[in-house]
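Trainee: Quick one: the structure is below, and I'll ask about it shortly.
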């Protein structure tokens, strides 16, 4: 059983890939961005929803995955668990 009958919780592992393309950046732009401190606490060195997003010239895949949580893939997998009876419907 899943999440509905007091059994073990449902668990599903999945991955989601998104390809991000950056514009060609000159050294002055890169140095200024690093000096701003913005990339220092970011996995991947930039935040797409911040100034770093201005360097992105294209995305192939899920924007929310780039932000850190693949919303569409999560909802798709959750729907499968519900259909399989692994998650209680209310």
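In this note's numbering, the protein residues as written are 259 to 348. From the three backbone atoms N, C-alpha and C, an ideal C-beta is built for every residue, glycine too.
Going along the chain, which unbroken runs of the beta strand (DSSP E) with 3 or more residues stay wholly within the region 294 to 322?
Mentor: With a minimum length of 3 residues, the continuous beta strand (DSSP E) runs that stay inside the region 294 to 322 are 314 to 318.
Trainee: Could you check what DSSP says for residue 274 in three-state terms: helix, strand or coil?
Mentor: In this structure, residue 274 counts as coil in the three-state DSSP scheme.
Trainee: Do residue 306 and residue 291 have their CB atoms nearer than 9 Å?
Mentor: Cβ atoms of residue 306 and residue 291: not closer than 9 Å.
Trainee: Would you mind reading off the limits of the alpha helix (DSSP H) that contains residue 339?
Mentor: That run of the alpha helix (DSSP H) goes 329 to 341.
Trainee: In whole angstroms, give me the CA-to-CA distance for residue 278 and residue 296.
Mentor: For residue 278 and residue 296, the distance between alpha carbons rounds to 18 Å.
Trainee: Tell me the rounded alpha-carbon separation between residue 272 and residue 333.
Mentor: If I take the Cα positions, the gap works out to 12 Å.
Trainee: Can you give me the C-alpha to C-alpha distance between residue 308 and residue 325, rounded to a whole angstrom?
Mentor: Cα to Cα, residue 308 sits roughly 10 Å from residue 325.
Trainee: Buried or exposed, going by whether 16 or more other CB atoms sit within 10 Å of the CB of residue 267?
Mentor: Result: exposed.
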